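Have a look at the structure below, then the notes.
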Amino acid sequence: MRFFYIYLCLGGALACQFKGKTYKNDEEWTENEAFKMKCKIEPNGSWRTEVSGCVTPDKTVVPVNGEVDIGDHVWECKMSPGGQITLQQKMNKHASCNGHPFGKAFLDVQKIFLKGLFETFFFLIVRTEWQDKSFQFKCEENGVTKFVGCITKSGALIEDGEKKSVGELVLDDLSLLNSSLIVSQNHSVKLSTSEVSDLEGADKLLTLFFLLELDGFEMECKKHANGTVTLGVLDRAVDANCKDAEGKERKQGEKWVENQYFEKICKERGKVEIAGCRVEAVDDLIPINGKVSAGNLDYHCEAKDGSYKFYSKVKGQ
């Protein structure tokens, strides 16, 4: 610690003299809005001024070789071996990350069947992650933001460096035109059913619409050394199997019906394609963009610009 010593041999009251001002024993003052100074008078009459602490921008005093937590920061007042005193700032252990808190704790209560009895367990869960557009982040200690992974359009998380097969929900355009629901899709959408009835006199139009969940692709989320992040679709092996909507593996060339009306086939590299539509009233497969009549109904199985539609209507309409 840097001291200023002055020895006086005069009688009477003793005081510290600093920059033209007089201070009593143990009296403190702020110097240059940065340091807390103190007057010390010894029994032998000598006196000195010393730095007792550092002053933060919000006027908090930090003792020499001490530290104080203020918000997300820790302020340290450090003295070097040579006596130089400096005020240093760093993030504290539980600092937030650009407004995102280090952790949000909540109590989760679960009943678990254990040894023939239901037991109640309490779990303290701390969430430190958040989503920004298509990326997941985590707030770690000292306010460090860590990249966790990528979020697909269906909401699935693919962690950094992970490869995962994901069925994507991609609805680019949704419109109702002439009682026909058109959905533009990429390689996969989730199952949805809609029924539209239009009653005009004796005429009745019954249309069924199904959006199909096609098999997802192998995707990889990766953060590169330069800080960029990529979410890419990986090619599967030529002889890769497919997966149906239930997650069951299907061999190449294998056909199956999903959602009652749609026949699928497993193609090369594990890609699932729609072969056509099936309905109980018709024995043969209704080809894509084809029409088959049975009774007083025409059955249509259509595909256009990546959108699929199946419907039936009364003949002649």
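Read in order, the letters of the sequence shown correspond to residues -15 to -1, 1 to 302 in mature numbering (1 follows the signal peptide of the UniProt record, and there is no 0).
Every residue gets a Cβ at the ideal spot worked out from N, C-alpha and C, and that includes glycine.
Quick caveat, the model's predicted, so the values are computed rather than measured.
Point to revise | Exposure of A80, with buried meaning 16 or more beta-carbon neighbours within 10 Å | key: buried
Point to revise | Buried versus exposed, by CB contacts within 10 Å (16 or more), T137 | key: buried
Review point. The beta strand (DSSP E) spanning Q116 covers which residue range?
Key: 114 to 117
Review point. Roughly how many angstroms separate the alpha carbons of R226 and G255, rounded to a whole number?
Key: According to the sequence shown, residue 226 is Asn rather than Arg. The straight-line gap from Cα to Cα measures roughly 5 Å.
Practice item. Quick one: which unbroken beta strand (DSSP E) runs of 3-plus residues sit fully inside the stretch 211 to 285? Chain order, please. Key: 214 to 219, 240 to 243, 247 to 251, 257 to 262, 275 to 279
Practice item. For F3, I'd like the list of residues in its chain whose CB is within less than 6 Å of its CB, leaving aside the five on either flank, ordered along the chain. Key: T34
Check your understanding: Beta-carbon separation of E144 and V133 under 8 Å?
Key -> yes
**Study point:** CB of T41 within 8 Å of CB of W60, strictly
**Key:** yes
Review point. DSSP three-state call for E125: helix, strand or coil?
Key: In this structure, E125 counts as strand in the three-state DSSP scheme.
Point to revise | Three-state secondary structure (DSSP) of L(-2) | key: coil
Point to revise | Spatial distance of K252 from D220 (CA atoms) | key: 13 Å
**Study point:** D11, DSSP secondary structure in three states
**Key:** coil
Practice item. Determine the direct distance from the alpha carbon of F295 to that of M76, and round the result to whole angstroms. Key: Roughly 59 Å between the two C-alpha positions.
Review point. Can you tell me the Cα-Cα spacing of I259 and W241, whole angstroms?
Key: 10 Å
Check your understanding: So what does S297 bridge to, in DSSP terms?
Key -> According to the DSSP secondary-structure assignment, S297 is paired through a beta bridge with Y284.
Review point. To which residues does DSSP link D54 through a beta bridge?
Key: For D54, which the question treats as bridged, DSSP gives the partners V59.
Check your understanding: So is V36 buried or exposed if we call it buried at 16+ other beta carbons inside 10 Å?
Key -> Burial is judged here by how many other beta carbons sit within 10 angstroms of a residue's own beta carbon; V36 has at least 16 and is buried.
Check your understanding: Taking N83 as the reference, which of G56, L72, G68, P66 has the closest Cα?
Key -> G56
Point to revise | Which listed residue (P28, D290, E27, K21) has its alpha carbon closest to that of residue 347 | key: Coverage of the chain is limited to positions -15 through 302, which leaves residue 347 absent and any answer about it impossible.
Practice item. Alpha carbon to alpha carbon, how far is I273 from V257? Give it in angstroms, no decimals. Key: Rounded to the nearest whole angstrom, the C-alpha separation of V257 and I273 is 15 Å.
**Study point:** Proximal residues to E234 (C-beta, below 8 Å), its chain only, five neighbours per side dropped
**Key:** N226, C227, K228
Practice item. Look up G134 in the DSSP assignment and say whether it is helix, strand or coil. Key: strand
Review point. Alpha carbon to alpha carbon, what distance is there between K149 and F122?
Key: Here the C-alpha atom of F122 lies approximately 19 Å from the C-alpha atom of K149.
Practice item. Would you mind reading off the limits of the beta strand (DSSP E) that contains C82? Key: Neither: C82 is in no beta strand (DSSP E) and is coded neither H nor E.
**Study point:** I271 versus D224: straight-line alpha-carbon distance, rounded
**Key:** 28 Å
Review point. What's the C-alpha gap between K131 and G51?
Key: As the crow flies, the alpha-carbon of K131 is around 30 Å from that of G51.
Exercise for review: Answer with buried or exposed for K6, where buried requires no fewer than 16 other C-beta atoms within 10 angstroms of its C-beta.
Suggested key: Exposed, by the Cβ-count rule.
Check your understanding: Among residues of its own chain, excluding the 5 on either side of V277, which ones have a beta-carbon nearer than 6 Å to its beta-carbon?
Key -> V267, I271, Y284
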